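Line by line, the protein sequences give chains Y and Z. Following the numbering used here, the numbering of the first sequence begins with 3 at its first residue and continues without gaps. Following the numbering used here, the numbering of the second sequence begins with 2 at its first residue and continues without gaps. Report on one structure; see the data block that follows.
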Amino acid sequence: MATLKVLVTGEDHAQGPEDADVTLVEYGDYECPHCGRAYPIVKQVQKHFGKRLRFVFRNFPLSEMHPHAEAAAEVAEFAGAQGKFWEMHDRLFENQERLGEALFLDLDKELKLSATAMRQALAQKTFEARVRADFTGGVRSGVNGTPTFFINGQRHNGSFDFDALVSAIQQVMITAKSA
Amino acid sequence: MAQSGASKVTPIHSDRILPAGAGAPNFTLHATPDQTLTLSDLLGRPVILAFYPADWSPVCGDQMALYNEILPEFQKFGAELLGVSVDGAWCHAAFAESRHLHFPLLADFEPKGAVAQQYGAYRDADGFCDRALFVIDKKGIIAWSYCSPVAVNPGADGILEALEDLPK
């Protein structure tokens, strides 16, 4: 029923080949514990399918619930503007319980990004519009919580444990091939 | 957040809820322990009526919390969002405070579920509301309605499309 209204483009943060059989899109929030739980599962799923799968991450910070979610999303975008989106994305999830300025500065240092530039980007809300655009596109597509996954554009309503995701993706692969 | 499998869900009664074109039954319900809200007082602007089963159950929390985040999108249409469940006003107050909700939760508490019943959104067997959504136009006519399986958070895409389709 719910389908992805904003198609995946070159503007997206994506891992895996553009012509992969299946594209998995996640709308996620760095402070959401469920997204934190999904993070290693998605890695396993990516490993399982290899080049047959492309993974795209879009921001869906639930700021009323999670005070650091918006800033974390903007920090990831800040790193992304310098070609280090996934490095930052992974570290944010891996250090989810420490989200906040001190962590952002530590990660900047680790990734050799400028702390001054990051502070400036946060203060000037340089990446707010991008994060908001992800959020709004997600709402339009029927994102109903975090994480919400779309498999080749169809919202995945089942659980996001490894077996459920793998079998849902496999199903789509089979259908795509027979079409 | 994770939804449970569709197989566990009891059948949808979407044919039961009031359809588009029907007049929205008027009601007065408690919005807080000492304040009431009357639907007809909101004539002149669109109203989103979101019936949901219960405060505190994790799935419902998600739906109301999600709408809370999307509130600015609804407000672009000048729309008023009202959550409705059979929970009492004190329960709603505690729930709204814990979730930082910025819209009213109405208590369809006494007689229990009476308003939900008028909208066809009451589950007699369970004793709580269906997960039913209504977009009511500024004249008080239902412009769109949708009933989601109780375990599935319907999101907000349908509401936004319905608001967009309202005559200006």
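Beta carbons: idealized from backbone N, C-alpha and C, even for Gly. Fair warning: this is a prediction, and the values are worked out from it, not measured in the lab.
Establish whether the CB of residue i and some CB of chain Y are separated by less than 9 Å.
i                       : result
proline 105 (chain Z)   : no
alanine 51 (chain Z)    : no
aspartate 35 (chain Z)  : no
histidine 93 (chain Z)  : no
asparagine 69 (chain Z) : yes
Are any of the Cβ atoms in chain C nearer than 9 Å to that of residue i?
i                     : result
proline 155 (chain Z) : Structure shown: chain C not included; protein chains present are Y and Z.
Out of curiosity, what's the CA-to-CA distance linking residue i and residue j?
i                      : j                       : result
histidine 14 (chain Z) : lysine 169 (chain Z)    : Residue placement at histidine 14 (chain Z) is poorly supported in this model, since its pLDDT is 47, which falls under 50; the coordinates still yield a value, given next. Using only the alpha carbons, I get a separation of about 31 Å.
tyrosine 123 (chain Z) : valine 153 (chain Z)    : 16 Å
proline 34 (chain Z)   : alanine 90 (chain Z)    : 5 Å
alanine 125 (chain Y)  : glutamine 118 (chain Z) : 50 Å
Can a CB atom of chain Z be found closer than 9 Å to the CB of residue i?
i                           : result
leucine 64 (chain Y)        : yes
alanine 4 (chain Y)         : yes
glycine 147 (chain Y)       : yes
phenylalanine 137 (chain Y) : yes
valine 10 (chain Y)         : no
valine 141 (chain Y)        : yes
glycine 144 (chain Y)       : yes
asparagine 61 (chain Y)     : no
lysine 7 (chain Y)          : yes
asparagine 159 (chain Y)    : yes
Which residues share a DSSP beta bridge with residue i?
i                       : result
tyrosine 148 (chain Z)  : Looking at the sequence itself, residue 148 (chain Z) is cysteine, so the reference to tyrosine does not match. BP columns for cysteine 148 (chain Z) point to Z:Ala133.
glycine 24 (chain Z)    : Z:Ile142
threonine 33 (chain Z)  : Z:Gln36
asparagine 61 (chain Y) : Y:Gly30
valine 48 (chain Z)     : Z:Glu81, Z:Ile137
arginine 17 (chain Z)   : DSSP lists no partner for arginine 17 (chain Z).
leucine 107 (chain Z)   : Z:Val85
Beta-carbon within less than 8 Å of residue i's beta-carbon, same chain only, minus the 5 sequence neighbours each way: which residues are those?
i                    : result
lysine 179 (chain Y) : Asp23
Less than 7 Å between C-beta atoms, sequence neighbours within five positions excluded: which residues of the same chain meet that for residue i?
i                       : result
asparagine 97 (chain Y) : Leu105
alanine 23 (chain Z)    : Ile143
Once you ignore the five residues that flank residue i on each side, which residues in its own chain have a CB closer than 6 Å to its CB?
i                      : result
threonine 39 (chain Z) : Thr29
glutamate 33 (chain Y) : His68, His70, Ala71, Leu101
valine 85 (chain Z)    : Phe52, Leu107, Asp109
cysteine 37 (chain Y)  : Gly30, Asp31, Thr148, Pro149
histidine 93 (chain Z) : Leu106, Ala108
Under 8 Å: do the segment 94-105 of chain Y and the segment 127-135 of chain Y share three or more Cβ pairs, one atom per stretch? no
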